[in-house]
Amino acid sequence: MLKVENLHANVGDKEILKGINLEVKAGEVHAIMGPNGSGKSTLASVLAGNEKFTVTEGKVEFEGENLLELPIEERALKGLFLGFQYPVEIPGVTMANFMKIAVNEQRKYRGLEPLTAAEYLKLMREKSAIVELDAKLTSRAVNEGFSGGEKKKNEIFQMAMLEPKLAILDETDSGLDIDALRIVATGVTRLKTAENATVVITHYQRLLDYIVPDYVHVLYKGRIIYTGDKTLALKLEKEGYDWLINDYEEE
Amino acid sequence: MAVDSIVKLLCAQSLPVDGNIVDGAWVLNFTDDCDLVVERGQRATLVVVDMAGAHDMNVDVMAGAELRLLHLVAEHSASQIAVAVAEDAKCLITEIVTHGADTRVVASLVERGACFELGGAFVLTDEDKASVTVDVNHLAAGCISRTSYRGVASGKSHGSFSGLVYVSPGAQQTDSVQSSRNVTIGDARIETLPQLEIYADDVKCSHGATVGQMDSDALLYMRQRGLDLATAKRLQIEGFVGDVILHSVIEGVEEQLSELVAAKLNRL
Amino acid sequence: MGKDTKDILQELETSDYKYGFVTDIETDTIGRGLSEDVIRLISEKKGEPEWMLERRLKAYRHWLMMKHPDWAHLDIPEIDIQDVIYYAAPKQTKKLNSMDEVDPELKRTFDKLGIPLEEQMALAGVAVDAVMDSVSVKTTFRDTLAEKGIIFCSISEAIKEHPELIKKYLGSVVPYTDNFYAALNAAVFSDGSFCYIPKGVRCPMELSTYFRINAEGTGQFERTLIVADEGSYVSYLEGCTAPRRDENQLHAAVVEIVVERDADVKYSTVQNWYPGDKDGKGGIYNFVTKRGICREGAHLSWTQVETGSAITWKYPSCILQGDNSSGEFYSVAMTNNYQQADTGTKMIHIGKNTRSRIVSKGISAGMSQNAYRGLVRVAKTADNARNYSQCDSLLIGDRCGAHTFPVIDSHNPSAVLEHEATTSKISEEQLFYCNQRGIKTEDAVGLIVNGYAREVLAKLPMEFAVEAQKLLALSLEGSVG
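From first to last, the protein sequence lines stand for chains A, B and C. Going by our numbering, the first residue of the first sequence is number 184, and it counts up by one from there. Going by our numbering, the first residue of the second sequence is number 22, and it counts up by one from there. Going by our numbering, the first residue of the third sequence is number 394, and it counts up by one from there.
Here it is as structure tokens:
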């Protein structure tokens, strides 16, 4: 589904990603971990097409197409979803309206008729239940005045609405208390199918108790320096990154 | 007199009408027009005391320099202080007006990183008529300005604040805040004109203005604790104006400035 | 509202100024220029009584002594007052009694404009007075309204049929001495709407006037007078369009509203006069004086969405004369290309416990200039007056300007007045977020702008709100990318 080869990316003159290789297949869950500033969020942003970053080298294939050539919204319509670490506030634009447009753009792209108001309401009710999102929030402006937990739930709600092929969740667990974490993580798990894939970017093992990864990658200084299975996350939780980093630096 | 003690406290030397200012504390009896330059990288403190009459001052604050200016207006003057602030330089002003007067500060932020801050207050009584103007011109990108003015008008006085923040085309990443807060007592009149004129899109500009009365809950509370109404009012006004003094750009003279204002408040 | 946004987005791609057509109907005009004779001619053509002519001449003589004002933040090319046609009317020989008698070409015009002049009207519950060029073409629903004692007709008819009301109220809020264009209007106004709501009557439907300038070289000087008698209520809508022409056309209207004790008037405008082309050629000069006076306990609310006109220059105002009266002003002013707007409001607090609220949202794009100008004045008599003003500016692109010129003038120590203003742009983060959810940049901008203006749009009656949303998106065309 996603194939990243030797991806290099800069912000300004500074190289952040220094040769990322990653392959994600349908049905898989990948976790990307690593210390602060290692480039995790940058990787997510570059894949989504954030223009703050320039790709200087490498290839990214998504569903057999060159992802890097596509504008942001095309990537989204093709089924790439980014759960933002800091969801943006859009004053005055209601969640309901915002999502309706997004959902119908998605449907148009897939050659489907737009939803009627009734169908849309039904869908929204269904999907908001997955993350126990207060129905009242959908009539409020996008992310405006939402608590940290509500913002993150809202991201997963939107993911449920848009049914992406590949969801990249950027630190969706940060700033969540244990109950919110469980709700968000269970939501993600429920949306999991054999046809889609998830990349979870996180600092903590605790999210991976709920979203069990097939692979755990450690990102350090813009490269994936180690890949293991779910036990790696446990080991990292106990022992930190030093042992890996030391090995890497020695090489 | 309060001004004298400020000068003494700061060990301020008197400044010639024209010339260059270097590190140190200076005092200027503002009687004639003058042109001053704060040299590159210097840190100067200047007390400007308005004398009756009309006069202009031009100050260039050169790159990396910092000017802290205390402007005291206690006579019937019509003065203009124009400052041009260069790259990464700072001009910080505290202005206290306790007399009917016409004062104008025009700050031009001419190079990237220039910073201008002004905290001011006017306290008017009897038949005082004061008009204060603070115009800030953002002429280069990445400059910061802060203007905060408090006005108190009592008796039959008339106070007017006019503030303009002008952002020229190309002055992107301008960061500007302007606020005008005012209290009227008795038959006084207050006018405030906080204005924005903006020709660049990547800017953060806001302004706020209020005209209000004294907090009646606070007055009640103070009276309940045994203060008479006049004292309670005075205390409240002192607090309102005191904020400007508390944040004076020159430290160590708060007491003297309070004295200056207190003398005026006695006439409330 | 979802569907509407969708519509907007579709139209955004296809539409230019869609009201820019010209209706080909015979027009009865008089020659260009202004003189006492022209005024006599207008008055005569309208079959006015002598007292009305006298009023016009008085205004004209006063106007002769006035100078064109120049204090606005506007760049106004010199206007040749003598090059304007002061009277143009679709040719018609007799008064109309039913819809069928209206010139079919004219009817098509109103259809194109989307004014439901016919049966839809009943469903929409809107009574329309349509003013084409200078005369009022048709007032629908007059009978229904008459049952309640509501008078809704063209001002020329009112002059003939209700002279006592006109004599009492016309010019009572905006006297001819008020300003240059008010004086000009008082001298040459050719038509407009008149509305009277009797004591205690709640007008059962929205009343609406649609203005259109059709003929070439004409100025439109309509005059609207609304009188809401004690305890009554009315919601009044005004819409405007004009054909696309290379020359500039002058529109100098006067709207006067009298809100008697405990009455409530809501006046909404969606102004979409032709704004000129992308290079700033042509377009309407919209120089309008709008003012209302509120007696004791009365309430007046102005809502305006201004997307059209080459130059917009107006300040719908409230004189809060009576104790406990209140005024509101909600405005969205959008400028693109070379448009200019200097608009805002005046809230004059005279009575005790008077309240006012101002919410202004400016949107500037292209090379346009957009200014909010406001005055909040509290007279000595206005104990416990309260005002809250909020003026926001949104800039799209770095070649436009957004300006805020409020004046707060308090003569009473018990007044509490607050003003806040912010300036912002559409952030890269907001666009990225929308893009990431599959929404195109152009659509995202339309969405964000409508969100920004929502607080004001929400004040409009439903049908108008939908139209206003579309207009905002349309006016943004070509401003991003």
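Don't be surprised by glycine CBs; every beta carbon is placed ideally from N, CA and C. Predicted model only: the values in this text are computed from it and were never measured.
Per DSSP, the continuous beta strand (DSSP E) segment holding His812/C begins and ends at 809-818. Contact with chain A is absent for Gly690/C, since none of that chain's Cβ atoms lies less than 8 Å from the residue's Cβ. Taking the Cβ atoms as the reference, Val58/B lies roughly 7 Å from Ile42/B, within the contact range of under 8 Å.
Between the C-alpha atoms of Asp412/A and Lys421/A there is a straight-line separation of about 15 Å. Inter-segment contact for the region 267-281 of chain A and the region 245-256 of chain A is absent: fewer than three beta-carbon pairs are separated by less than 8 Å. In the three-state DSSP reduction, Arg748/C falls in the strand class (E or B).
Taking one beta carbon from each stretch, the region 755-769 of chain C and the region 709-727 of chain C have 3 or more pairs nearer than 8 Å; the two touch. Nearest Cα to Met344/A within the set Thr369/A, Phe264/A, Gly328/A: Phe264/A. Along the region 649-671 of chain C, there is no position whose C-beta sits under 9 Å from a C-beta of chain A. DSSP places Glu60/B in no alpha helix (DSSP H); its state is neither H nor E. A Cβ of chain C is located within less than 8 Å of the beta carbon of Pro274/A. Runs of the alpha helix (DSSP H) lying entirely within the region 545-620 of chain C and spanning at least 4 residues, in chain order: 548-554, 556-562, 573-581. Inter-segment contact for the region 768-787 of chain C and the region 815-822 of chain C is present: three or more beta-carbon pairs are separated by less than 8 Å.
Against Val271/A, the close residues of chain C are Glu822, Gln823, Tyr826, in the order they occur along the chain (beta-carbon pairs closer than 7 Å). Under a 10 Å Cβ-count criterion, Trp464/C is classified as exposed, with fewer than 16 other Cβ atoms of the shown protein chains found around its own Cβ.
Annotated as distal: Val198/B and Ser178/B, with beta-carbon spacing of 8 Å or more. Counting along the chain, the unbroken alpha helix (DSSP H) around His455/C starts and ends at 443-457. Leu391/A and Glu272/B have their C-alpha atoms some 55 Å from each other. By the Cβ criterion, the region 164-172 of chain B is in contact with the region 191-208 of chain B, since at least three pairs of Cβ atoms, one from each stretch, lie closer than 8 Å. Looking at the backbone, the Cα of Leu618/C and that of Thr682/C are separated by about 12 Å. Non-local beta-carbon contacts of Ser549/C in its own chain, meaning distances under 6 Å to residues more than five positions away in sequence, involve Lys439, Asp584 in chain order. Within a 10 Å sphere around the beta-carbon of Leu250/B sit fewer than 16 other beta-carbons, which makes this residue exposed. Taking a cut-off of 8 Å on C-beta distances, the region 377-391 of chain A does not touch the region 277-286 of chain A, as fewer than three cross pairs fall below it. Burial is judged here by how many other beta carbons sit within 10 angstroms of a residue's own beta carbon; Asp657/C has at least 16 and is buried. Burial is judged here by how many other beta carbons sit within 10 angstroms of a residue's own beta carbon; His692/C has at least 16 and is buried. Not flagged as an interface residue toward chain C: Asn337/A, since no C-beta distance is shorter than 8 Å. The beta-carbon of Lys833/C is placed less than 8 Å from the nearest beta-carbon of chain A. Cys32/B is classed as exposed because its beta carbon has fewer than 16 other beta carbons within 10 Å across all chains shown. Residue state for Thr696/C is assigned as strand, using DSSP reduced to three classes. From the listed residues Asn233/A, Asn189/A, Lys335/A, Val286/A, the smallest Cα separation to Leu824/C is found for Asn233/A.
In terms of beta-carbon proximity, His812/C lines the interface with chain B, with at least one pair separated by less than 8 Å. Leu256/B sits in a helix when the DSSP states are folded into three classes. Taking C-beta atoms as the reference points, Gly74/B and Ser35/B fail to come closer than 8 Å.
In the DSSP assignment, Met72/B falls outside any beta strand (DSSP E) and carries neither an H nor an E. Judged by DSSP secondary structure, Ala151/B falls outside any alpha helix (DSSP H) and instead within the beta strand (DSSP E) spanning 150-159.
Shown here is that no member of the region 718-729 of chain C has a Cβ falling below 7 Å from a Cβ of chain A.
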